[in-house]
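Taking the numbering used here, I'd label the letters of the sequence shown as residues 5 to 176. The beta-carbon is built from N, C-alpha and C at its ideal position, and this holds for glycine as well. Notes to accompany the following structure.
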Amino acid sequence: MKPVMESSTPTTEPAELSFRSPQISDGKRLWQIARDSEVLDVNSGYAYVLWCRDFADTSVVATDETDRPVGFITGYRRQNSPQTLFVWQVAVDADQRGRGVAGRMLDALLDRLRPSGVTRLETTVSPDNAASIAMFTALARRRGTHITRTDLFAPDDFPDSHLAEDLYTIGD
5 MKPVMESSTP TTEPAELSFR SPQISDGKRL WQIARDSEVL DVNSGYAYVL WCRDFADTSV
65 VATDETDRPV GFITGYRRQN SPQTLFVWQV AVDADQRGRG VAGRMLDALL DRLRPSGVTR
125 LETTVSPDNA ASIAMFTALA RRRGTHITRT DLFAPDDFPD SHLAEDLYTI GD
């Protein structure tokens, strides 16, 4: 899945947001944010609700002052590499973009998972997604660590029309 990101340089004041684990009741809203992004591969509504239940510990939502989700990151710990958080999707509401929300969600999630042994982040990004590449590069820079890119999935690995997905690894 390719994350949809905002500019890595905030263009307006940072929004006053809170960051928390998703709840089942957030699933519908996460699906809406993904759909409205117009760039993410949108999963079924069921997938977002299930994600909010089964992967809440490795995911985060940004909420406004009314506790309404305005952004999310879905992720999971890799089974054969439990120190690795794989970031599946990143999305921010259109009216919150340009405020550094995605980067702040990433930092909040990694800070929350560090005590449980997460030292590495992986994600896939299509080569044409310059905003996501810039955002993950900025994350590595903020965290004082390196970022590497390797080929992972070729277009013919997918059953439908899909760009290649490069693997980005941040950290140890």
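Here's a check: name, in chain order, each residue in its chain whose Cβ is nearer than 6 Å to the Cβ of residue i, leaving out the five neighbours to either side.
i	result
L110	L143
Determine the extent of the alpha helix (DSSP H) in which residue i is found, giving its start and end residues.
i	result
L167	It is not in any alpha helix (DSSP H) - L167 carries neither H nor E in the DSSP assignment.
V122	Unbroken run through V122: none, as it is neither H nor E.
D111	105 to 117
Along the chain, where does the beta strand (DSSP E) that runs through residue i open and close?
i	result
D155	151 to 157
Note down the Cα distance separating residue i from residue j, rounded to an integer number of angstroms.
i	j	result
R72	E169	31 Å
A66	A106	9 Å
S85	L171	15 Å
V53	Q93	14 Å
A51	R82	18 Å
D164	N47	14 Å
Excluding five sequence neighbours on each side, which residues of the same chain lie with their C-beta closer than 8 Å to the C-beta of residue i?
i	result
I37	P73, V74, G75, F76, A95, V96, D97
Apart from the five residues on each side of it in sequence, which residues of its chain come closer than 7 Å, Cβ to Cβ, to residue i?
i	result
D68	L21, V74
A112	F23, V64
I28	V53, C56, R57
T166	Here residue 166 turns out to be His, not Thr, going by the sequence shown. P159, listed in sequence order.
T141	I151
Taking DSSP's pairing of strands, which residues face residue i in a bridge?
i	result
A95	F76
G175	R124
F90	Y80, E126
Subject >> Continuous alpha helix (DSSP H) assignments of at least 4 residues falling wholly in the segment 11 to 88 >> reply: Look at the segment 11 to 88 and you find these whole runs of alpha helix (DSSP H), each 4 residues long or longer: 31 to 41, 49 to 58.
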